[in-house]
Amino acid sequence: MSKHSAINRFGRSRNPAFSRNFDQGGFRTQSSSEMNAGSGFRTTSSVAESTDIMTLDGAVNKTGILLALCFTGAAVGWNIPALTFPAGILGFILALVTIFRSPSKAGTTAPFYALVQGVMLGGISLMYENLYDGIAIQAIGLTFGILASLLVCYKSGLIKPTENFRLMVGAGIGGIFILYMVSFVMSFFGSGISLLSPTNGSLMSIGLSLGIVCFASLSLVLDFDYIEEGAEKGLPKYMEWYGAFSLMVTLIWLYLEILRLLAKINSRR
Amino acid sequence: MSNALIFGGMAAISLFVFFNLGKIKASKNQTNRNNRINRFREPNQQNIIESDYKEERKDEE
Chain V
219 MSKHSAINRF GRSRNPAFSR NFDQGGFRTQ SSSEMNAGSG FRTTSSVAES
269 TDIMTLDGAV NKTGILLALC FTGAAVGWNI PALTFPAGIL GFILALVTIF
319 RSPSKAGTTA PFYALVQGVM LGGISLMYEN LYDGIAIQAI GLTFGILASL
369 LVCYKSGLIK PTENFRLMVG AGIGGIFILY MVSFVMSFFG SGISLLSPTN
419 GSLMSIGLSL GIVCFASLSL VLDFDYIEEG AEKGLPKYME WYGAFSLMVT
469 LIWLYLEILR LLAKINSRR
Chain C
18 MSNALIFGGM AAISLFVFFN LGKIKASKNQ TNRNNRINRF REPNQQNIIE
68 SDYKEERKDE E
């Protein structure tokens, strides 16, 4: 019997993901010394280095593009606050489309997402700025400060994301998501969870915000690891956009939570 | 004003660190460890060889 009896019996898979892996040079096309025969993500042929694979450079540059678009959108939202709510809804839809429908089209949807979310962030920042002067620049500084310090911790190996780490962060984010949903539903009945209110300066409320900021920060580490592993495995080029998009989603969440935390601390004065 | 300078400077330095350090591969301490998250699962080569071996033995019988 042939060694490839499964292929003889069932035929070759029509799944484009598999055909890309094994038939057309795969996700990774580096020198043969780096290749791992039989691996799903690397080819067995010694094809010259291709430009169609994910790299760290590409992911970081694309994050830069998304950040620039986000700041452009924020300038618009700051000057036209009426766009805040529609931009928030549109951004949420674009995020869902990118995550669940077409990660391969992230190159198209992610820039729109960044621009639209920027408009929303501009409007929200103006709202907080009217309450507490100088709060927006503090939140921006702290957000990027956390980004850089966690990147240093990740690259140096000080923080090591493992399966348990991912489970812990996932469970925490799940709990926070349920809390948001309950608060959202309750808002239709004229109430809400007062702990989430930016004007609630109680220690309990500040502690909750601090916890949420911690989980948002830790999910940045998972994003770094995702990009690092994707570049190592030689995923397709479009995954650079997807990696940059996931980093943007986390950064936007972190910024909003830091804004809320700072507002709560300021409300105690 | 000093608030904007301090936090604006912090943001600028952090972005500089991100754009430079982000392009550098993580240390071996981070990448060469057994408990890494395996998101993009690779087929287990050892199992494929074992199954082929059993098939050949069946032929011999």
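Chains as they are written, first to last, in the numbering used here: chain V, 219 to 487; chain C, 18 to 78.
Here a beta-carbon is modelled for each residue, glycine too, at the ideal position from N, C-alpha and C.
No experiment lies behind these values; they were computed from the predicted model shown.
| Check | Outcome |
| --- | --- |
| Using DSSP's beta-bridge definition, name the partner residues of residue 454 (chain V). | V:271 |
| Is it the case that the Cβ atoms of residue 291 (chain V) and residue 336 (chain V) are separated by a distance below 7 Å? | yes |
| Is there at least one Cβ from chain V nearer than 7 Å to residue 32 (chain C)'s Cβ? | yes |
| How big is the Cα-Cα spacing for residue 363 (chain V) and residue 424 (chain V)? | 20 Å |
| Expressed to the nearest angstrom, what Euclidean distance is found between the alpha-carbon atoms of residue 56 (chain C) and residue 309 (chain V)? | 26 Å |
| Can you tell me whether residue 389 (chain V) is buried or exposed? The criterion is at least 16 other CB atoms within 10 Å of its CB, across all chains shown. | exposed |
| Could you pull out every unbroken alpha helix (DSSP H) segment of at least 4 residues lying fully inside the segment 377 to 437 of chain V, listed in chain order? | 381 to 405 |
| Could you please give the first and the last residue of the uninterrupted alpha helix (DSSP H) stretch that includes residue 40 (chain C)? | Note, residue 40 (chain C): premise wrong, no alpha helix (DSSP H); not H, not E. |
| Are residue 287 (chain V) and residue 321 (chain V) touching if we call contact CB-CB under 7 Å? | no |
| Just the C-alpha distance for residue 482 (chain V) and residue 270 (chain V), rounded to the nearest angstrom, thanks. | 47 Å |
| Grab me the residues of residue 455 (chain V)'s own chain with a C-beta within less than 8 Å of its C-beta, minus the 5 sequence neighbours each way, in chain order. | 269, 270, 271, 272 and 276 |
| Run through chain C and tell me which residues come within less than 9 Å of residue 350 (chain V), C-beta to C-beta. | Those within 9 Å of residue 350 (chain V) in chain C number zero; the least Cβ separation is about 11 Å. |
| Does any residue of chain V bring its CB to less than 7 Å from the CB of residue 49 (chain C)? | no |
| Go through the segment 341 to 380 of chain V residue by residue and report every complete run of the alpha helix (DSSP H) that reaches 4 residues or more, in order. | 353 to 374 |
| Could you tell me how far apart the beta carbons of residue 339 (chain V) and residue 282 (chain V) are, in whole angstroms, since I believe they sit closer than 8 Å? | Not quite, the Cβ-Cβ distance comes to about 17 Å (not below 8 Å), so this is no contact. |
| In whole angstroms, give me the CA-to-CA distance for residue 430 (chain V) and residue 357 (chain V). | 15 Å |
| Are the CB atoms of residue 312 (chain V) and residue 466 (chain V) nearer to each other than 7 Å? | no |
| Taking the alpha-carbon of residue 300 (chain V) as reference, which of V:434, V:274 and V:342 has the nearest alpha-carbon? | V:342 |
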